[in-house]
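Enquirer:
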Amino acid sequence: MAHQARPNPYFRNLNAKVAATPMILTTLIVFVGCSVWTVLYSFSASRALPVNEFVGFAQYDRLFNTSRWTKSVGNIAVYGIFSLVFSLVVGFILAAFMDQKIRFENTFRTIFLYPFALSFIVTGLVWQWILNPTLGLQKAVRDLGWESFTFDLIAHRDTVIYALLIAGIWQGTGFVMALMLAGLRGVDEDIWKASRIDGIPKWKTYIFVVIPMMRGVFVTTLVIIASGIVRLYDLVVAMTSGGPGIASEVPAKYVYDFMFARGNVGQALAASTVMLTTVLIILIPWIYLEYGSKKPK
Amino acid sequence: MSIEPIGTRPRRTFDPTRMMIYLVLAVAAIYYLLPLYVMIVTSLKGMPEVRLGNIFSPPVEITFEPWAKAWDTACTGLYCEGLKVGFWNSMQILIPSVVISIAIASVNGYALSFWRFRGAEVFFTILIFGSFIPYQVMLYPLVIITRELGIFGSLTGVIFIHTIFGMPILTLLFRNYFASLPQELFKAARVDGAGFWGIFFKIMVPMSPPIFVVAIILQVTGIWNDFLFGVIFAGTKNFPMTVQLNNIVNSSQGVKEYNVNMAATILTGAVPLAIYFLSGKYFVRGIAAGAVKG
Chain A
1 MAHQARPNPY FRNLNAKVAA TPMILTTLIV FVGCSVWTVL YSFSASRALP VNEFVGFAQY
61 DRLFNTSRWT KSVGNIAVYG IFSLVFSLVV GFILAAFMDQ KIRFENTFRT IFLYPFALSF
121 IVTGLVWQWI LNPTLGLQKA VRDLGWESFT FDLIAHRDTV IYALLIAGIW QGTGFVMALM
181 LAGLRGVDED IWKASRIDGI PKWKTYIFVV IPMMRGVFVT TLVIIASGIV RLYDLVVAMT
241 SGGPGIASEV PAKYVYDFMF ARGNVGQALA ASTVMLTTVL IILIPWIYLE YGSKKPK
Chain B
298 MSIEPIGTRP RRTFDPTRMM IYLVLAVAAI YYLLPLYVMI VTSLKGMPEV RLGNIFSPPV
358 EITFEPWAKA WDTACTGLYC EGLKVGFWNS MQILIPSVVI SIAIASVNGY ALSFWRFRGA
418 EVFFTILIFG SFIPYQVMLY PLVIITRELG IFGSLTGVIF IHTIFGMPIL TLLFRNYFAS
478 LPQELFKAAR VDGAGFWGIF FKIMVPMSPP IFVVAIILQV TGIWNDFLFG VIFAGTKNFP
538 MTVQLNNIVN SSQGVKEYNV NMAATILTGA VPLAIYFLSG KYFVRGIAAG AVKG
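Line by line, the protein sequences are chains A and B.
Its first residue numbered 1, the first sequence is counted upward by one per residue in my numbering.
Its first residue numbered 298, the second sequence is counted upward by one per residue in my numbering.
1. Please work out which residues of its chain come closer than 7 Å, Cβ to Cβ, to residue 367 of chain B, disregarding the five sequence neighbours upstream and downstream, and give them in chain order.
2. Please name the residue in B:511, B:531, B:412 whose C-alpha comes closest to that of residue 493 of chain B.
3. Alpha carbon to alpha carbon, how far is residue 326 of chain B from residue 445 of chain B? Give it in angstroms, no decimals.
4. Residue 251 of chain A lies in the alpha helix (DSSP H); which residues open and close that run?
5. Could you give the distance in angstroms between the alpha-carbon of residue 94 of chain A and the alpha-carbon of residue 312 of chain B?
6. Excluding the 5 residues preceding and the 5 following residue 530 of chain B in the sequence, name in chain order all residues of the same chain whose CB lies nearer than 6 Å to its CB.
7. For residue 314 of chain B, report the span of its alpha helix (DSSP H) as first-last.
8. Taking residue 100 of chain A as the query, report the chain B residues whose CB atoms sit under 9 Å from its CB, ordered along the chain.
9. Whose CA, out of A:197, A:81, A:165, lies closest to the CA of residue 222 of chain A?
10. Let me know the alpha helix (DSSP H) ranges lying completely inside the region 39-105 of chain A, each 4 residues or longer, listed in chain order.
11. Which ranges does the alpha helix (DSSP H) cover as unbroken runs of at least 4 residues, wholly within the region 413-452 of chain B, from first to last along the chain?
12. For residue 518 of chain B, name the three-state secondary structure that DSSP assigns.
13. Rank B:537, B:580, B:545 by C-alpha distance to the C-alpha of residue 376 of chain B and give the top, closest one.
14. By Cβ distance below 8 Å, which residues in the same chain neighbour residue 157 of chain A in space, the five residues on each side in sequence not counted?
15. Terminal residues of the continuous alpha helix (DSSP H) containing residue 310 of chain A?
16. Please report how far the alpha carbon of residue 32 of chain A lies from the alpha carbon of residue 154 of chain A, in whole angstroms.
17. Does the beta-carbon of residue 392 of chain B have 16 or more other beta-carbons within 10 angstroms, so that it is buried, or is it exposed?
18. For residue 18 of chain A, does the count of other Cβ atoms within 10 angstroms reach 16, so buried, or fall short, so exposed?
19. How big is the Cα-Cα spacing for residue 241 of chain A and residue 249 of chain A?
20. Specify, as a first and last residue, the run of the alpha helix (DSSP H) that residue 21 of chain A falls within.
21. Buried or exposed, going by whether 16 or more other CB atoms sit within 10 Å of the CB of residue 92 of chain A?
22. Mapping DSSP to helix, strand and coil, what is residue 285 of chain A?
23. Residue 36 of chain A: which of A:273, A:230, A:104, A:14 sits nearest, CA to CA?
24. Between the region 112-128 of chain A and the region 565-573 of chain B, are three or more C-beta pairs nearer than 8 Å?
25. Please report how far the alpha carbon of residue 576 of chain B lies from the alpha carbon of residue 331 of chain B, in whole angstroms.
26. DSSP three-state call for residue 145 of chain A: helix, strand or coil?
27. What's the C-alpha gap between residue 235 of chain A and residue 555 of chain B?
28. Sort A:197, A:174, A:286 by Cα distance to residue 116 of chain A and report the nearest one.
29. For residue 376 of chain B, name the three-state secondary structure that DSSP assigns.
30. When Cβ atoms are compared, which residues of the region 316-346 of chain B fall closer than 8 Å to chain A?
31. Let me know the secondary structure DSSP gives residue 542 of chain B once reduced to three states.
32. With a threshold of 7 Å on Cβ separation, who are the neighbours of residue 270 of chain A within its own chain once the five nearest residues in sequence on each side are excluded?
33. Please report how far the alpha carbon of residue 479 of chain B lies from the alpha carbon of residue 582 of chain B, in whole angstroms.
34. Against chain A, which members of the region 545-565 of chain B pass a CB distance test of less than 8 Å?
35. Within the 8 Å Cβ cut-off, does residue 296 of chain A reach chain B?
36. Would you verify that the beta carbon of residue 404 of chain B is, or is not, closer than 8 Å to some beta carbon of chain A?
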């Protein structure tokens, strides 16, 4: 009799299971299922439509022999390195300055963070206009009398990526600053008291004590920005459409163009699998660092 | 204010270090404000003035013509109906997406923090790490799925996609918030015989307005600013404002009207900017939520 009174374990917390169904389905079907599907079909001979004819690494072979793809990878590497270093350094310096019990802190924070509320499309279009060689910043400075002033990053193959960088940094550094500031506010006041008593200069305390203490904040920020950089797309579409020529193409745009405009699904899937691999290379050490010791049960 | 500080009064003299700090912050502030200023002044000039003057000079003759044109008659390749079409499309996408995604994620976060069952945390962990996967990886299968469901290229389709991709961050947000509420509250309600939904609607929701505000801010800005999902899943008729804006500005035909373009750009940025300026500290909490680990 006793076992009959016990409720069936599958129906325990039934409501909670029903409530979690959308999450479980999303996890299984979208995040796991769709990713696996993409990786699998990146090995197929798919053209306009996916086909079940598997050809090994042929798509990857073609991908890395396509100049547009290698250019895209090179671009995202340059963009990524500069934007990571710059936004972390500048974001931290701004945060450290903001943490000096300054006046107008809220005003400054509002100013530094508002671009983050804007879309990449808006960001790209504004900077496209400011960097416009004939009517923008260059002309404004020349009108002041500096006739030889040249600032036409956006019009040249070798420099267009830095134009994207200026816009991207404008949009995202405030976010880094906000995260860093939250991290700095979490640093124990006693650290500052101790370093003041020992007569250690402030900048030394920042570099040798505070930054190592904020390792977690830095790593998390790094992972968030880096995985954002890999998917960079809207900014390029709005600002340069990949031009001049293919000079500012990026991987995410390669995927979109081959998937929807050129009807070459196989190439698009191989390209997105490479993007996935890159993100996993960033993500796995982080998961290991943050969660490796205390595995979720 | 009534407590007197102990120790020597801080000197209120000229301090070069502090001057430098303010100087650096001021220069940075100018760099951040410049684009907003340029957008506004350009949008208020007539085209002859845009061509002759420079982008930083304030308008000699203020005109609202570019604003009217951007809203009402600007051309996106084929049609000349202005940005208003995109605005209403964005609204139609935004409202259901925000409501549905928050409804699902709040119940979900609640189930995860109070009604744990075996495997729940595993799914949740995969969901969070899955949110770092580039969207491009999941795009094509999602196109197939939405096509099979008959919602590809429709408002329902794009709402469906926004609901899915809002789930990781929102679930994380609600789970962490509910987990911070006292367990005794939940236990007491259980003893009184309240069930799953009873506790949620009568206790949890009334205690959580702040987190709902944060979630709304996060979703409104995120969905309004989306471009990729809109261009793929919404269908040509339902393009959101960002897509329309890009089509207006980057359409190759005709003479470029920079003043109209800038007015259109401000109009598209206006909704998230308004949310940002009105919400203040909630916005910071919302974006910082992305950095909080599970």
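Every residue, glycine too, gets a C-beta built ideally from N, C-alpha and C.
Expert: On the basis of the coordinates in this document:
1. Numbered from 1 along the second sequence, position 70 holds the residue referred to as residue 367 of chain B. Only 379, 380, 557, 560, 561, 564 meet the Cβ criterion.
2. Taking the second sequence and counting its residues from 1, one reaches residue 493 of chain B at position 196. Checked all of B:511, B:531, B:412; the closest Cα to residue 493 of chain B is B:412.
3. What you label residue 445 of chain B is simply residue 148 of the second sequence in a count that begins at 1. What you label residue 326 of chain B is simply residue 29 of the second sequence in a count that begins at 1. Straight-line Cα distance between these residues: approximately 50 Å.
4. As a position in the first sequence, residue 251 of chain A is number 251, starting the count at 1. Per DSSP, the continuous alpha helix (DSSP H) segment holding residue 251 of chain A begins and ends at 251-256.
5. The residue you call residue 94 of chain A lines up with position 94 of the first sequence. The residue you call residue 312 of chain B lines up with position 15 of the second sequence. Whole-angstrom Cα-Cα distance: 19 Å.
6. Counted from its first residue, the second sequence places residue 530 of chain B at position 233. The answer, listed in chain order, is 454, 455, 458.
7. Position 17 of the second sequence holds residue 314 of chain B. Residue 314 of chain B: member of the alpha helix (DSSP H) spanning 313-340, first to last residue.
8. Locating residue 100 of chain A in the first sequence gives position 100, where the first residue counts as 1. Simply 314, 315, 318.
9. On the first sequence, position 222 is the one that residue 222 of chain A refers to. When each option's Cα is compared against that of residue 222 of chain A, the closest is A:81.
10. List check, alpha helix (DSSP H) in window: 58-64, 67-98.
11. Runs found: 417-427, 432-445.
12. The sequence position of residue 518 of chain B within the second sequence is 221, counting from 1. Here residue 518 of chain B sits in helix by DSSP.
13. As a position in the second sequence, residue 376 of chain B is number 79, starting the count at 1. From the listed residues B:537, B:580, B:545, the smallest Cα separation to residue 376 of chain B is found for B:545.
14. Locating residue 157 of chain A in the first sequence gives position 157, counting from the first residue. Only 244, 245, 247 meet the Cβ criterion.
15. This structure gives no information on residue 310 of chain A, because the portion of chain A shown stretches from 1 to 297.
16. Here residue 32 of chain A refers to the residue found at position 32 of the first sequence. Here residue 154 of chain A refers to the residue found at position 154 of the first sequence. Between the C-alpha atoms of residue 32 of chain A and residue 154 of chain A there is a straight-line separation of about 39 Å.
17. If you number the second sequence from 1, residue 392 of chain B lands on position 95. Around the beta carbon of residue 392 of chain B, a 10 Å sphere encloses fewer than 16 other beta carbons of the protein chains shown; the residue is thus reported as exposed.
18. Position 18 of the first sequence holds residue 18 of chain A. With fewer than 16 other Cβ atoms within 10 Å, it is exposed.
19. One-based indexing of the first sequence puts residue 241 of chain A at position 241. One-based indexing of the first sequence puts residue 249 of chain A at position 249. About 8 Å.
20. Locating residue 21 of chain A in the first sequence gives position 21, where the first residue counts as 1. In the DSSP assignment, residue 21 of chain A falls within the alpha helix (DSSP H) that extends over 14-25.
21. Stepping through the first sequence from its first residue, residue 92 of chain A is reached at position 92. Burial is judged here by how many other beta carbons sit within 10 angstroms of a residue's own beta carbon; residue 92 of chain A has at least 16 and is buried.
22. Residue 285 of chain A sits at position 285 when you count from the first residue of the first sequence. Helix at residue 285 of chain A.
23. Within the first sequence, residue 36 of chain A is the residue found at index 36, counting from 1. Check the Cα spacing between residue 36 of chain A and each of A:273, A:230, A:104, A:14: the tightest is with A:273.
24. Touching, per the Cβ criterion.
25. Here residue 576 of chain B refers to the residue found at position 279 when the second sequence is read from its first residue. Here residue 331 of chain B refers to the residue found at position 34 when the second sequence is read from its first residue. Looking at the two C-alpha atoms, the distance is approximately 23 Å.
26. For the purposes of this step, residue 145 of chain A is taken as residue 145 along the first sequence, with counting starting at 1. Here residue 145 of chain A sits in coil by DSSP.
27. Looking up residue 235 of chain A in the first sequence gives position 235. Looking up residue 555 of chain B in the second sequence gives position 258. So the two alpha carbons sit approximately 18 Å from each other.
28. If you number the first sequence from 1, residue 116 of chain A lands on position 116. Comparing Cα positions, the closest option is A:174.
29. Position 79 of the second sequence, counted from the first residue, corresponds to residue 376 of chain B. In the structure shown, residue 376 of chain B adopts extended strand secondary structure according to DSSP, grouped into three states.
30. Cβ contacts with chain A: 318, 319, 321, 322, 325, 326, 328, 329, 330, 331, 332, 333, 335, 336, 339.
31. Mapped onto the second sequence, residue 542 of chain B falls at position 245. Residue state, collapsed to three classes: helix.
32. For the purposes of this step, residue 270 of chain A is taken as residue 270 along the first sequence, with counting starting at 1. These residues qualify, in order along the chain: 42, 59, 60, 63.
33. Here residue 479 of chain B corresponds to residue number 182 of the second sequence, with the count starting at 1. Here residue 582 of chain B corresponds to residue number 285 of the second sequence, with the count starting at 1. For residue 479 of chain B and residue 582 of chain B, the distance between alpha carbons rounds to 21 Å.
34. Within the region 545-565 of chain B, the residues whose Cβ lies closer than 8 Å to some Cβ of chain A are 546, 547, 555, 558, 559, 562, 565, listed in chain order.
35. Residue numbering aside, residue 296 of chain A sits at position 296 when the first sequence is read from its first letter. Note that residue 296 of chain A scores a pLDDT of 46, beneath 50, so its modelled location is shaky; the value from the coordinates is reported in the next line. It does: the Cβ of residue 296 of chain A has a partner Cβ on chain B nearer than 8 Å.
36. Here residue 404 of chain B is taken as the residue at index 107 of the second sequence, counted from 1. By this cut-off, residue 404 of chain B is an interface position.
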